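J.: Mapping of the sequence shown onto mature numbering (1 follows the signal peptide of the UniProt record, and there is no 0): residues -15 to -1, 1 to 522, in sequence order. C-beta atoms are modelled at their ideal positions from N, C-alpha and C, and glycine is treated no differently. All values derive from a computational prediction rather than experimental measurement.
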Amino acid sequence: MFMFSPCRWVHIVCALYVPGVAFGDIDKLRPVTLTEMNYSKYGAKECSFCEDPRFARTGVCISCDAGMCRAYFHVTCAQKEGLLSEAAAEEDIADPFFAYCKQHADRLDRKWKRKNYLALQSYCKMSLQEREKQLSPEAQARINARLQQYRAKAELARSTRPQAWVPREKLPRPLTSSASAIRKLMRKAELMGISTDIFPVDNSDTSSSVDGRRKHKQPALTADFVNYYFERNMRMIQIQENMAEQKNIKDKLENEQEKLHVEYNKLCESLEELQNLNGKLRSEGQGIWALLGRITGQKLNIPAILRAPKERKPSKKEGGTQKTSALPTVLYSCGICKKNHDQHLLLLCDTCKLHYHLGCLDPPLTRMPRKTKNSYWQCSECDQAGSSDMEADMAMETLPDGTKRSRRQIKEPVKFVPQDMPPEPKKIPIRNTRTRGRKRSFIPDEEKHEERVPRERRQRQSVLQKKPKAEDLRTECATCKGTGDNENLVRCDECRLCYHFGCLDPPLKKSPKQTGYGWICQECDSSSSKVRPMTCF
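Below, the structure written as structure tokens:
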């Protein structure tokens, strides 16, 4: 339903719900005047329910009537979502029309209002289409004649109706706040062959950001946008100059890094030679000291200078294998590309203790993965090896007695194929089960190898082939001492104890283990005072 304004049409529902709209006759709700409403409300807020974001800042948006709620929306958009409400007739309220957002509105009330609105729109559309199909030329002529009569009557009533007050001075408002102007500009862009999807949409507030810089603004013929345009150009020039300067600094640092790498390799070689020489001298000194002990007939204590340095055992966090090189690890190499550049982009796997570039991983990463105190990160190879522990969904196999048991997907071992083949094919006797006699057929060994072709498997060059991991069977909870299985128990990677999902603090409905990450219980987390650090350079 529409109401006539001095220069345009408005929705009656918009006039009722938008604050600041005045009526000449409150009982008849006419005429409507918009001059008493502040023009700063046009395009001030963004509608959160608009399907097309380009129309989100057109017109006037109302706020949610719930206290301290910052949701804004158009009246027609709220009507479509079933968010408009009206006070009962017996209630004496100054403003009986109010609206709530989706968060504060009643869910059931909003659901049936939206359903009724969509049903009414569909019914009106279908009835209009049926009328257009069934109308005869005589009926159409009769309707047009009656329409002309009503138009003449409306013109006469408008001439006798008192005109609403209109200010003499026209107040300007942003062009982007007019929906009709936006439609015409979009039509113009379509006729000119310009795509309207490439332009960014201003979804932020028009106020300044935290750091004092203006955010993106919609193009408009305002002084604010002109200032923003010049400021943006100055900032772009400064950013380009800064990028060129930083690029020169990067080139200098890369050249210096190459020189330091060469010097570092030379120092490592000299250090290794000195360590070998020190070991020879220590062994000779120990032999001389043992000879002196045999001469004196007494057991002499070996001095500290001749004692071999104690080798520190690696902890569980550092890996169970001892490092072969005695040199301190300063530069790490990627386990895939074998290069040691971009040390700040190397990521440590907490399972195999190897470093990897973010771009060398499969799939490549754009940033460092987040590590928490209860989880760690592992590479794709280690994740594939331990995927049997992470899988929570297991297929169920029905036994003959009607019971069900869980069935895991077991990986087949890598098949071994000898490299050196015998020159002559060896015939293998195979018993023929179809004949009654003891006839045996022979097939060459080459055909046997052709039947079973080993599956190609990507292997990492730096890591040896891993042993097949034993199946993890979880049976008892360490908290309640109750029984369970792999479907409702999770094992701690530190103490190797099992816990029910519901026995954890806080209780969980599913396994806390995620693909690619490990998990430790609360006891192991509280016992270890230090958190595993991330690899940063």
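Identify, in the order they occur along the chain, each residue of the same chain with its Cβ nearer than 6 Å to the Cβ of L350, setting aside the five sequence neighbours on each side.
T.: What you label residue 350 is simply residue 365 of the sequence shown in a count that begins at 1. Cβ within range, chain order: L343.
J.: Would the beta-carbon of T20 fall within 8 Å of that of P159?
T.: Taking the first residue of the sequence shown as position 1, residue 20 is located at position 35. Taking the first residue of the sequence shown as position 1, residue 159 is located at position 174. It is not a contact, given that the beta carbons lie outside the stated cut-off.
J.: Among M221, V17, Q328 and C35, whose alpha-carbon lies nearest the alpha-carbon of R146?
T.: Start at 1 with the first residue of the sequence shown, and residue 146 comes out as number 161. Minimum Cα distance to R146 is reached at V17.
J.: Only counting the same chain, and skipping five residues up and downstream in sequence, which positions put a Cβ closer than 7 Å to that of C509?
T.: Translated into positions along the sequence shown, residue 509 becomes position 524. Closer than 7 Å at Cβ, skipping near neighbours: C477, E479 and C480.
J.: Among the residues of its own chain, which have a CB less than 7 Å from the CB of S33, if the five just before and after it don't count?
T.: Here residue 33 is taken as the residue at index 48 of the sequence shown, counted from 1. Cβ within range, chain order: A56, Y57 and F58.
J.: From this set, W274, A289 and P288, which residue's C-alpha is nearest G282's C-alpha?
T.: Here residue 282 refers to the residue found at position 297 when the sequence shown is read from its first residue. The option with the nearest alpha carbon to G282 is W274.
J.: On the DSSP letters alone, give me the boundaries of the beta strand (DSSP E) that V17 sits inside.
T.: Stepping through the sequence shown from its first residue, residue 17 is reached at position 32. It spans R15 to T18 - the beta strand (DSSP E) in which V17 sits, taken as one unbroken run.
J.: What does DSSP give as the partner residue(s) for V475 in the beta ladder?
T.: Position 490 of the sequence shown holds residue 475. V475 pairs with Y484.
J.: Does DSSP classify G178 as helix, strand or coil?
T.: Indexing the sequence shown from 1 puts residue 178 at position 193. Correct three-state label for G178: coil.
J.: Going by C-alpha to C-alpha distance, which of R267, C319 and L276 sits closest to A289?
T.: On the sequence shown, residue 289 is found 304 positions in, with the first residue counted as 1. Of the candidates R267, C319 and L276, the one whose C-alpha sits nearest the C-alpha of A289 is R267.
J.: What is the DSSP secondary structure of W504, reduced to helix, strand or coil?
T.: Counted from its first residue, the sequence shown places residue 504 at position 519. If DSSP states are grouped into helix, strand and coil, W504 belongs with coil.
J.: Quick one: measure Cβ to Cβ for H340 and S360, integer angstroms, because I've assumed they're closer than 8 Å.
T.: Taking the first residue of the sequence shown as position 1, residue 340 is located at position 355. Taking the first residue of the sequence shown as position 1, residue 360 is located at position 375. Actually they do not touch by this definition, with Cβ atoms about 19 Å apart.
J.: Tell me the DSSP secondary structure of D10 in three-state form.
T.: Taking the first residue of the sequence shown as 1, we reach residue 10 at position 25. Here D10 sits in strand by DSSP.
J.: Just to confirm the assignment, what range does the alpha helix (DSSP H) spanning Y249 have?
T.: Within the sequence shown, numbered from 1, the residue matching residue 249 stands at position 264. Taken as a continuous stretch (DSSP letters only), the alpha helix (DSSP H) holding Y249 covers A208 to T281.
J.: Can you have a look at T181 and say buried or exposed, based on whether 16 or more other CB atoms are within 10 angstroms of its CB?
T.: In the sequence shown, counting from the first residue as 1, residue 181 sits at position 196. By the 10 Å Cβ count, T181 comes out exposed.
J.: May I have the straight-line CA-CA distance separating R131 from E123, to the nearest angstrom?
T.: Here residue 131 is taken as the residue at index 146 of the sequence shown, counted from 1. Here residue 123 is taken as the residue at index 138 of the sequence shown, counted from 1. Using only the alpha carbons, I get a separation of about 13 Å.
J.: Take T388 and list the residues in its own chain whose beta-carbon comes closer than 7 Å to its own, dropping the five residues that flank it on each side.
T.: For the purposes of this step, residue 388 is taken as residue 403 along the sequence shown, with counting starting at 1. Residue placement at T388 is flagged as unreliable, the pLDDT there being 49, under the threshold of 50; the coordinate-derived value follows with that caveat. For T388, where only same-chain residues beyond five positions count, there are no Cβ hits under 7 Å.
J.: Tell me the residue span of the alpha helix (DSSP H) that contains V60.
T.: Here residue 60 refers to the residue found at position 75 when the sequence shown is read from its first residue. Run containing V60: V60 to E66, per the alpha helix (DSSP H) assignment.
J.: Taking just the CA atoms, how far does L474 sit from C465?
T.: Looking up residue 465 in the sequence shown gives position 480. Looking up residue 474 in the sequence shown gives position 489. Approximately 12 Å, taken between the alpha carbons.
J.: With a cut-off of 8 Å on the beta carbons, I'd call K49 and C86 a contact; round off their distance for me.
T.: To locate residue 49, count along the sequence shown from 1; it is residue 64. To locate residue 86, count along the sequence shown from 1; it is residue 101. Note that residue 49 is Cys in the sequence shown here, rather than Lys. That belief holds up - the Cβ atoms of C49 and C86 are roughly 4 Å apart, short of 8 Å.
J.: Please tell me whether T43 and G67 are closer than 8 Å, where the distance is taken between their beta carbons.
T.: Walking along the sequence shown from the start, residue 43 turns up at place 58. Walking along the sequence shown from the start, residue 67 turns up at place 82. The answer is no: Cβ separation not under 8 Å.
J.: With DSSP as the reference, please indicate the residues paired to Y89 in a beta bridge.
T.: The residue given as residue 89 occupies position 104 in the sequence shown. Checking the displayed sequence, the identity of residue 89 turns out to be His instead of Tyr. Per DSSP, none; premise fails for H89.
J.: Mapping DSSP to helix, strand and coil, what is S48?
T.: By 1-based counting over the sequence shown, the position of residue 48 is 63. It is a strand residue.
J.: Buried or exposed: K143, going by 16 or more other Cβ atoms within 10 Å of its Cβ?
T.: The sequence position of residue 143 within the sequence shown is 158, counting from 1. A quick correction: the sequence has Arg, not Lys, at residue 143. Label assigned to R143: exposed.
J.: Nearest-angstrom Cα distance between F486 and D368?
T.: Along the sequence shown, one-based indexing puts residue 486 at 501. Along the sequence shown, one-based indexing puts residue 368 at 383. So the alpha carbons of these two residues sit roughly 22 Å apart.
J.: Quick check: the Cα distance between A463 and L489, rounded to an integer number of angstroms?
T.: Counted from its first residue, the sequence shown places residue 463 at position 478. Counted from its first residue, the sequence shown places residue 489 at position 504. Approximately 11 Å between the Cα atoms of the pair.
J.: Tell me the residue span of the beta strand (DSSP E) that contains L69.
T.: Residue mapping note: residue 69 aligns to position 84 of the sequence shown, counting from 1. Here the beta strand (DSSP E) through L69 covers L69 to E71.
J.: With a CB to CB cut of under 6 Å and the five nearest residues on each side skipped, what residues in its chain are close to H(-5)?
T.: For the purposes of this step, residue -5 is taken as residue 11 along the sequence shown, with counting starting at 1. The answer is none, since no qualifying residue turns up.
J.: Hey, G270 and L285: beta-carbon distance below 8 Å or not?
T.: Residue 270 sits at position 285 when you count from the first residue of the sequence shown. Residue 285 sits at position 300 when you count from the first residue of the sequence shown. Contact: no.
J.: Please report how far the alpha carbon of K65 lies from the alpha carbon of S163, in whole angstroms.
T.: To locate residue 65, count along the sequence shown from 1; it is residue 80. To locate residue 163, count along the sequence shown from 1; it is residue 178. Distance between the alpha carbons of K65 and S163 is about 21 Å.
J.: Buried or exposed: where does I179 fall if 16 or more other Cβ atoms within 10 Å of its Cβ makes it buried?
T.: On the sequence shown, position 194 is the one that residue 179 refers to. Result: exposed.
J.: According to DSSP, simplified to helix, strand and coil, what is C509?
T.: Along the sequence shown, one-based indexing puts residue 509 at 524. C509 falls in the helix class under three-state DSSP.
J.: Whole-angstrom Cβ separation of F210 and K202, contact assumed at under 8 Å?
T.: Locating residue 210 in the sequence shown gives position 225, counting from the first residue. Locating residue 202 in the sequence shown gives position 217, counting from the first residue. About 5 Å; that satisfies the 8 Å criterion.
J.: Work out the CA separation of G264 and L256 for me, nearest whole Å.
T.: Indexing the sequence shown from 1 puts residue 256 at position 271. Indexing the sequence shown from 1 puts residue 264 at position 279. C-alpha separation (whole angstroms): 12 Å.
J.: How long is the line joining the alpha carbons of residue 523 and R168, rounded to whole angstroms?
T.: The shown model of the chain, from -15 to 522, leaves out residue 523, and the question about it has no answer.
J.: In three-state DSSP terms, what is V315?
T.: Start at 1 with the first residue of the sequence shown, and residue 315 comes out as number 330. Three-state DSSP puts V315 in coil, outside helix and strand.
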